[in-house]
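Data block below; observations after.
Numbering (this note's numbering), first residue to last: 2 to 305.
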């Protein structure tokens, strides 16, 4: 049995009520028999497609979007900053319709990851010795105070992203996060949740690295409030991303906060904050959305 088949059996078992497995053994069905859609056989029973199948993506979006508006949804501003092609993967029109925002223009001041900066702006090829040097300097720049002269390419990359990073920071202050689930249909096959792409989630890892690096640059320049604003924004970004429907989103949120730990420690070490400032930082962290609940993701998004 393949791993995919084994996982399918596990998920089917999760979707059945207690005792359903024994009942199915007692009364086997013909392969041609249809499944009666009810709470005894399915986890969600609506909405239904024209051919009578449950639209699981629509059911999941209905659950995730409760109480969410374009004005309180952090994802709206995130995609204004990321554009329609995060990670070079186009988000479908339906995605932006569900967000309640127009599709961003193809060209705009969108977030540029470090790789794209090196290739398209700095004109440095992957085989160039400078490529690996600059890539390595990103991690150092995100973990200790520095000045523009220390890592000039990282400084230029951050300056290039000033506008999208400002939108991301503004978005993190919003109370809700809803990124619609829009599966893509294969050839001759129904669109399935297992085929949902999450390009914006992966790009946000690069956004968090940029915010950490800029926080350390601002710390090196003695702009303490601005440095903390970037660190706080990066943590809030991680919490928002981690609140998504699927396990991978929760794991990315956890990974971002783990990555930020060195920058947090460097900030406390070199900023020398007064006790009342430390209390303020702690309050900021305590006011953030909760960490991802992995069991809830298994019970809803992964189950569907």
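For each residue, glycine too, the CB sits at the ideal point set by N, CA and C.
- Message: By alpha-carbon positions, which one of 61, 257, 162 ends up nearest to residue 202?
- Response: Of the listed residues, the one whose Cα sits closest to residue 202 is 257.
- At which residues does the alpha helix (DSSP H) containing residue 260 begin and terminate? Per DSSP, residue 260 belongs to the alpha helix (DSSP H) from 248-272.
- Query: If you compare alpha carbons, which of 35, 44, 122 is closest to residue 303?
  - Reply: Of 35, 44, 122, the residue nearest in Cα terms is 44.
- Message: Could you check whether residue 199 and residue 135 sit closer than 8 Å to each other, using their CB atoms as the reference points?
- Response: No, the Cβ-Cβ distance between residue 135 and residue 199 is not below 8 Å.
- Query: Could you check where the alpha helix (DSSP H) with residue 204 kicks off and where it finishes?
  - Reply: Per DSSP, residue 204 belongs to the alpha helix (DSSP H) from 200-221.
- Spatial distance of residue 83 from residue 273 (CA atoms): Cα-Cα distance, rounded: 35 Å.
- Item | For residue 282 and residue 78, the rounded distance between their alpha carbons | C-alpha separation (whole angstroms): 24 Å.
- Task: Check whether the Cβ atoms of residue 178 and residue 241 lie closer than 8 Å to each other.
- Result: Yes, they are a contact pair.
- residue 183 - DSSP class collapsed to helix/strand/coil: DSSP places residue 183 outside both helix and strand once states are collapsed to three, so it counts as coil.
- Message: Alpha carbons only, please: which of 81, 126, 186, 131 is nearest the one belonging to residue 107?
- Response: Across the set 81, 126, 186, 131, the C-alpha of 81 shows the shortest separation from the C-alpha of residue 107.
- Task: Give the C-beta separation of residue 60 and residue 305 to the nearest angstrom, bearing in mind that I take them to be a contact with Cβ-Cβ under 8 Å.
- Result: The C-beta distance from residue 60 to residue 305 rounds to 7 Å, short enough to meet the 8 Å contact threshold.
- Message: How far does the alpha helix (DSSP H) with residue 284 in it extend, from its first residue to its last?
- Response: Start and end: 276-287.
- Query: Considering only the beta carbon of each residue, do residue 228 and residue 145 sit closer than 8 Å?
  - Reply: No; because the gap between Cβ atoms is not below 8 Å, this pair is not in contact.
- Would residue 29 be called buried (16 or more neighbouring beta carbons within 10 Å of its own) or exposed? Model confidence at residue 29 stands at a pLDDT of 45, short of 50, so the residue's coordinates are unreliable and nothing is read from them.
- Task: Grab the span of the alpha helix (DSSP H) containing residue 148 for me, first residue to last.
- Result: Careful: residue 148 lies outside any alpha helix (DSSP H) and carries neither H nor E.
- Query: What residues match up with residue 49 in a beta bridge as DSSP calls it?
  - Reply: Beta-bridge analysis with DSSP links residue 49 to 55.
- For my contact list, residue 215 and residue 159 are in at a C-beta cut-off of 8 Å; report their separation, rounded to the angstrom. The C-beta separation of residue 215 from residue 159 comes to about 5 Å, placing the pair in contact by the 8 Å criterion.
- Rounded to whole angstroms, what's the CA-CA distance from residue 239 to residue 46? Just pull it up for me. Their backbone Cα atoms lie some 32 Å apart in a straight line.
- Compare the C-alpha of residue 194 against each of 301, 66, 290, 70 and name the closest. Comparing Cα-Cα distances from residue 194 to each of 301, 66, 290, 70, the minimum goes to 301.
- How big is the Cα-Cα spacing for residue 225 and residue 263? Cα to Cα, the separation comes out at about 16 Å.
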